[in-house]
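Written below as structure tokens is the structure these notes are about.
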Amino acid sequence: MSEAFVHRPVLGREVVKFLSSVPEGTVIDATVGGGGHAGLLLEARSDLRLIGIDRDDAAIAASRVALARFGDRVQLVRAGFSDIADIAESQGDIVGVLFDLGVSSPQLDRAERGFSYWSDAPLDMRMDARQELTAAEVVNTYTEAELAHVIDEFGEERFARRIAAEIVKARPLTTTGHLVDAIKLAIPAPARRKGGHPAKRTFQAIRMEVNRELPNLREGLDDSVHLLSPGGRVLVLAYHSLEDRIVKRRFADWSGTAPVPGTARRLPPAPTPAPLVRLLSRKPVRPTEAELDANPRSASVRLRAAERLA
Ligand SMILES: C[S@@+](CC[C@H](N)C(=O)[O-])C[C@H]1O[C@@H](n2cnc3c(N)ncnc32)[C@H](O)[C@@H]1O
Numbered sequence: 002m003s004e005a006f007v008h009r010p011v012l013g014r015e016v017v018k019f020l021s022s023v024p025e026g027t028v029i030d031a032t033v034g035g036g037g038h039a040g041l042l043l044e045a046r047s048d049l050r051l052i053g054i055d056r057d058d059a060a061i062a063a064s065r066v067a068l069a070r071f072g073d074r075v076q077l078v079r080a081g082f083s084d085i086a087d088i089a090e091s092q093g094d095i096v097g098v099l100f101d102l103g104v105s106s107p108q109l110d111r112a113e114r115g116f117s118y119w120s121d122a123p124l125d126m127r128m129d130a131r132q133e134l135t136a137a138e139v140v141n142t143y144t145e146a147e148l149a150h151v152i153d154e155f156g157e158e159r160f161a162r163r164i165a166a167e168i169v170k171a172r173p174l175t176t177t178g179h180l181v182d183a184i185k186l187a188i189p190a191p192a193r194r195k196g197g198h199p200a201k202r203t204f205q206a207i208r209m210e211v212n213r214e215l216p217n218l219r220e221g222l223d224d225s226v227h228l229l230s231p232g233g234r235v236l237v238l239a240y241h242s243l244e245d246r247i248v249k250r251r252f253a254d255w256s257g258t259a260p261v262p263g264t265a266r267r268l269p270p271a272p273t274p275a276p277l278v279r280l281l282s283r284k285p286v287r288p289t290e291a292e293l294d295a296n297p298r299s300a301s302v303r304l305r306a307a308e309r310l311a
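Laid out in structure tokens, this is it:
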């Protein structure tokens, strides 16, 4: 495996366990990254094939090396969630779709990608280098109100409005260091000393905006459930409460466990469509203490899994 992409797959054992009983066929790893989960799964199930998707060139290159030992059981495609349906066509039975959301550790570790607030680098934050929107464009061209909205919504940052105002004052911003300085100026000193790096939430918010992470997730989930053959499973590892809320709602809708409006008030129940899936756990799977010690990146993860019904 390429040095740059070595990282321990989050909840690796649990992911393999959920996929260990799927029928024979093809699994789509929609976020193949460095091939960590993919490698564990292909080792555990010699009758599975895997299509690994990632919109990051560096991830595809790294997983090509990491998964070379599985030969033609693996096909790697540089693409986004919106391409999943096209890629899956004519691939036979799709028996699993895995989403391990967010950025990979190597994306964070490579300063020049602009994801990290620990080093000074150009304001980029694109997972897909072909796309036009960069972090520089967001911080330099969005209105103050738009910036405040992004930072509040995706960063859940209570000083969002002050940070947006400080960013607008500091324009033009060209580097991550410049952005960190503006954020620090906006956050009152007592708050700055608490709760981790002061730029953490704002960086997360801008990254989610640059990469359209939530709209992509909705689209990817909706396509994936329809691709699955009966007994196939969809698994999502989410690291952010907004991501997990989307997954939870979609799973509830598909399984028919979402509350139906009006039923509490003795109205005739609305006809409910036949459920598409059954949930494999009522609550999301969280990391154990041992996993947290070995893999701090897993701290906020929530794994949800569902099985396609006939
Ligand atoms: C957390 S990493 C995956 C790590 C992988 N599970 C492993 O074990 O090596 C998430 C990956 O998903 C990719 N990604 C995020 N959003 C994507 C999207 N909409 N389409 C395709 N890939 C995406 C990122 O580029 C990143 O490489």
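Using our numbering, read the sequence shown as starting at 2 and increasing by one per residue. All C-beta atoms, glycine included, are put in the ideal place defined by N, C-alpha and C.
In the assembly as shown, H241 is a buried residue. Its beta-carbon has 16 or more other beta-carbons within 10 Å. Between ligand 1 and G97, a heavy atom-to-CB distance of less than 7 Å is absent. Note on E292: 16 or more other CB atoms within 10 angstroms of its CB, so buried under the neighbour-count rule. If you compare the alpha carbons of M209, D121 and G97 with that of E25, the shortest gap goes to G97. Cβ-Cβ distances below 7 Å link R202 to G156, E157 and E158 in the same chain, with the five nearest sequence neighbours on each side left out; the list follows chain order.
Here the distance from the Cβ of P10 to the nearest heavy atom of ligand 1 is below 7 Å.
Taken from the Cβ of D57, at least one heavy atom of ligand 1 lies inside 7 Å.
Look at the region 158-216 and you find no whole run of beta strand (DSSP E) that is 3 residues long or longer. Closest option to S91, judged by alpha-carbon separation, among S22, L229 and A137: L229. The alpha-carbon separation between V23 and V78 amounts to approximately 23 Å. In chain order, F116, M128 and R208 place their CB closer than 8 Å to the CB of V104, counting only its own chain and leaving out the 5 sequence neighbours on each side.
In summary, E147 is exposed, with fewer than 16 beta-carbon neighbours lying within 10 Å of its beta-carbon over all protein chains present.
In the DSSP assignment, no residue is bridged to Q108. Using a Cβ distance threshold of 8 Å, R309 and V248 do not count as a contacting pair.
Exclusion of the five residues before and after D84 leaves I54 and V78 as the residues of its chain whose Cβ lies within less than 8 Å of its Cβ. Approximately 7 Å separates the beta-carbon atoms of L215 and E244; this is inside 8 Å, confirming the contact. When rounded, the separation of the alpha-carbon atoms in G37 and P10 is 5 Å. The region 56-71 makes no contact with the region 173-190, as fewer than three CB pairs between them are under 8 Å. Under DSSP, D101 takes part in a beta bridge, and its partners are L238. In the displayed model, S83 falls within a helix according to three-state DSSP.
DSSP places T142 in the uninterrupted alpha helix (DSSP H) bounded by A136 to T142. As DSSP reads the structure, P123 sits in a beta bridge with T176. Counting the other Cβ atoms within 10 Å of the Cβ of L268 gives fewer than 16, which makes it exposed.
D223 and P191 have their alpha carbons spaced roughly 43 Å apart. Less than 8 Å divides the Cβ of L277 from the Cβ of W255.
With at least 16 other beta carbons inside 10 angstroms of its own, T32 counts as buried. Leaving aside the five residues that flank D94 on each side, the residues in its chain whose CB is nearer than 6 Å to its CB run, in chain order, G26 and S230. DSSP places A306 within a strand segment (E or B) once states are collapsed to three.
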